[in-house]
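In terms of the working numbering, the sequence shown opens at residue 573 and continues consecutively. Even glycine gets a Cβ: it sits at the ideal position worked out from N, Cα and C.
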Amino acid sequence: MPVKGAEVLFPSGREVVGKCPRCGGSVTESKKGFFCGNDGCRFGLWKDNRFFASKKKALTKSVAAALLKDGRVRLTGCYSEKTGKTYDATVILDDTGGHVNFRLEFDTGTKKRGGS
573 MPVKGAEVLF PSGREVVGKC PRCGGSVTES KKGFFCGNDG CRFGLWKDNR
623 FFASKKKALT KSVAAALLKD GRVRLTGCYS EKTGKTYDAT VILDDTGGHV
673 NFRLEFDTGT KKRGGS
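(1) Helix, strand or coil, according to DSSP, for Leu-676 in the structure here?
(2) For the beta strand (DSSP E) containing Arg-546, name the first residue and the last one.
(3) Using C-beta distances below 6 Å, list every residue in its chain close to Leu-665, excluding the 5 sequence neighbours before and after it, in chain order.
(4) Using only the alpha-carbon positions, how far apart do Val-599 and Leu-647 sit?
(5) Based on Cα-Cα distance, which residue from Cys-592, Gly-656, Phe-623 lies nearest to Asp-611?
(6) Can you round the beta-carbon distance between Lys-619 and Gly-605 to whole angstroms, since I take them to be within the 8 Å contact cut?
(7) Apart from the five residues just before and just after Ser-637, which ones in its own chain have a Cβ nearer than 8 Å to its Cβ?
(8) Please report the straight-line C-alpha distance between Gly-596 and Ser-652, rounded to a whole angstrom.
(9) Note down the Cα distance separating Phe-616 from Tyr-659, rounded to an integer number of angstroms.
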C-alpha cells in the first residue's frame, strides 16, 4: 500500500541522497549518477567519473551523500597512477556553478588538483 502524500515528497519515487549545493533542491540517485530534481538546475555527480575511476574508487551513494552534506569525504586506498601505490586523502567537492570538479586534500597540507 503506497504511503499517502509520498508522491509530493518524492515525486520521482527515488530516495533523496542530499541537497543540491546550487539550488537547495533534492538530489536523487539514478542509474548514471546523482542529479538535482529541479527543472533548470543542471547539477549532477556522474557515477562514471574519470576523477574517481583514476583512483580506482567508485562514486557510491554514501560518497555522494557525504559530498552533498559536508562538501568533502575521506577516502582510503586511493590508487596513484604516478607511483602505482595507494594513499588516503579527502576529496573536496569543488562546484563552480557550471562544472563539478573535485580536488584532493592530504593530511600533510599539500593539495593535488584534478578535474571530473
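Straight from the coordinates:
(1) On the sequence shown, position 104 is the one that residue 676 refers to. It is a strand residue.
(2) With the chain covering 573 to 688 only, the question about residue 546 has no answer from this structure.
(3) Position 93 of the sequence shown, counting from 1, holds the residue named residue 665. Excluding residues within five positions, the ones whose Cβ falls inside 6 Å are Leu-639, Gly-643.
(4) Counting from one through the sequence shown, the residue named residue 599 turns up at place 27. Counting from one through the sequence shown, the residue named residue 647 turns up at place 75. Near 22 Å, if we compare the C-alpha coordinates of Leu-647 and Val-599.
(5) In the sequence shown, counting from the first residue as 1, residue 611 sits at position 39. Closest option to Asp-611, Cα to Cα, is Cys-592.
(6) Against the sequence shown, residue 619 aligns to sequence position 47. Against the sequence shown, residue 605 aligns to sequence position 33. About 5 Å separates the two Cβ atoms, so the contact holds.
(7) Within the sequence shown, residue 637 is the residue found at index 65, counting from 1. It is worth fixing the name first, because residue 637 is Ala in this sequence and not Ser. Taken in chain order, the residues that qualify are Val-589, Gly-590.
(8) Within the sequence shown, numbered from 1, the residue matching residue 596 stands at position 24. Within the sequence shown, numbered from 1, the residue matching residue 652 stands at position 80. So the alpha carbons of these two residues sit roughly 34 Å apart.
(9) As a position in the sequence shown, residue 616 is number 44, starting the count at 1. As a position in the sequence shown, residue 659 is number 87, starting the count at 1. The sequence given here has Gly at residue 616, not Phe. Each residue's Cα considered, the two are about 27 Å apart.
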